[in-house]
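First comes the structure, then the notes that go with it.
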Amino acid sequence: LKGPQVLLKAAALLRTRRPEIDLRLTILGALSGNKDFNLRQLIADAGLDDVVTHLPPVSAAELASWFRAADVVVMPSYSESFGLVAIEAQACGTPVVGTRVGGLSRAICHGRTGLLVDGHHASDWADALEAMYDDPDTRADMGRAAAIRAENLGWNRTAAITLETYHAAVEQHLGHLVPAVPAP
1 LKGPQVLLKA AALLRTRRPE IDLRLTILGA LSGNKDFNLR QLIADAGLDD VVTHLPPVSA
61 AELASWFRAA DVVVMPSYSE SFGLVAIEAQ ACGTPVVGTR VGGLSRAICH GRTGLLVDGH
121 HASDWADALE AMYDDPDTRA DMGRAAAIRA ENLGWNRTAA ITLETYHAAV EQHLGHLVPA
181 VPAP
């Protein structure tokens, strides 16, 4: 998880705003990113000991099961080069709420396969999570759209697009070459 403090502050705010929501957070694996956090302390400080479960890293098959079981996957990243976790979650039919940064901006279609949040203000993240909770039909529609979109972002498709791009670049480069003039 990148940006755990953002998620936990947002969850605490949402819990205060909407105590009727049976909020459950499962954090899988180790924290990532360049910030050093004591996750247990962050959870305790947010008053979410009874809401958060933190599990060690799991296998790819188990991860897919967790993604399918989730209502939403949350990625409050500060940077993201490709957004692979978002694409994996979407492939499992789960919408993703992520920061509008790097690869997440391309991996998530705002309003269609999930939501993009600008910045890291807890209130903005709580708003996004609340919106997902309040509209289960839209959330389900997003999950279906996410699975379809993820099919188009799979490795085979990505490799084919990359190869097409390289071929086009080579052809364009060759078209700009000036034929050699024979020596007299």
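Number 43 in my numbering belongs to position 43 of the sequence shown; there are no gaps in the numbering. Don't be surprised by glycine CBs; every beta carbon is placed ideally from N, CA and C.
| Query | Result |
| --- | --- |
| Same chain only: Cβ atoms within 7 Å of LEU14, ignoring 5 sequence neighbours per side | ILE21, LEU23, ALA126, LEU129 and GLU130 |
| Backbone secondary structure at GLY98 - three-state DSSP | strand |
| Beta-carbon proximity of VAL101 to SER79, cut-off 8 Å | yes |
| Enclosing alpha helix (DSSP H) for GLY143 [first to last residue] | 136 to 151 |
| Residues bridged to HIS110 (per DSSP) | GLY114 |
| HIS54, DSSP secondary structure in three states | strand |
| Nearest-angstrom Cα separation, counted from MET132 out to PHE82 | 24 Å |
| Candidates ARG17, ILE43, CYS92 and THR53, of which the one nearest LEU186 by Cα | Past the boundaries of the shown model lies residue 186; the chain is included only from 1 to 184, so the question cannot be answered. |
| Exposure of SER77, with buried meaning 16 or more beta-carbon neighbours within 10 Å | buried |
| Classification of ILE187 by the beta-carbon crowding that lies within 10 angstroms, buried from 16 upward | Nothing can be reported for residue 187: it is not among the residues displayed for the chain, which extend from 1 to 184. |
| Identity of the residues DSSP links to VAL72 by a beta bridge | The partner list for VAL72 (beta bridge, DSSP) is empty, contrary to what the question assumes. |
| Best match in ASP141, MET75 and ASN152 for proximity to VAL117 [C-alpha to C-alpha] | MET75 |
| Whole-angstrom distance between GLY114 and ALA69, CA atom to CA atom | 16 Å |
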